[in-house]
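S.K.: Position 4, counted from 1, in the sequence shown is what the numbering used here calls -8; the numbers after and before it change by one each time, with no gaps. Below are the structure tokens for one structure; questions will follow.
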Amino acid sequence: MGTQRVKFTFMTQLVKEPIIYQLGQNFNLVTNIRRADVREDMGWVVLELDGDDTEIQRGLDWVSAIGVRIDPVSGDVIEG
-11 MGTQRVKFTF
-1 MTQLVKEPII
9 YQLGQNFNLV
19 TNIRRADVRE
29 DMGWVVLELD
39 GDDTEIQRGL
49 DWVSAIGVRI
59 DPVSGDVIEG
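Here it is as structure tokens:
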């Protein structure tokens, strides 16, 4: 089991899609939204992903393949 913090940036065509829900369901991951700013034309979400390391990587590969930008996040985004 592992944990990874990432930032997803969504463009207009993906903002209304349930990507985080699908990520959790399809890859058996626990998603914890730490910060977010979502608008009609774009949005970003910082989240923690908990689960099997292989499934985290598979999930991130899927998210990237559908057009979401993924950036690594270090530290606790709430506290610091």
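Note that beta-carbon positions come from the ideal geometry of N, C-alpha and C, so glycine has one too.
To which residues of the same chain is T19 closer than 7 Å at the C-beta, ignoring the five residues directly before and after it?
M.R.: Once the five neighbours on either side are set aside, the close Cβ partners of T19 are I8, L11, G12, L35, L37.
S.K.: Out of A24, S52, T0, F(-2), which one is the CA nearest neighbour of V33?
M.R.: The shortest C-alpha separation from V33 is found at A24.
S.K.: To which residues does DSSP link L35 through a beta bridge?
M.R.: V(-6), I21, per the DSSP bridge assignment.
S.K.: Less than 6 Å between C-beta atoms, sequence neighbours within five positions excluded: which residues of the same chain meet that for Q(-8)?
M.R.: The residues are L37, I44.
S.K.: Starting from I54, trace the beta strand (DSSP E) both ways and give me its first and last residue.
M.R.: Segment: none, I54 is in no beta strand (DSSP E) and carries neither H nor E.
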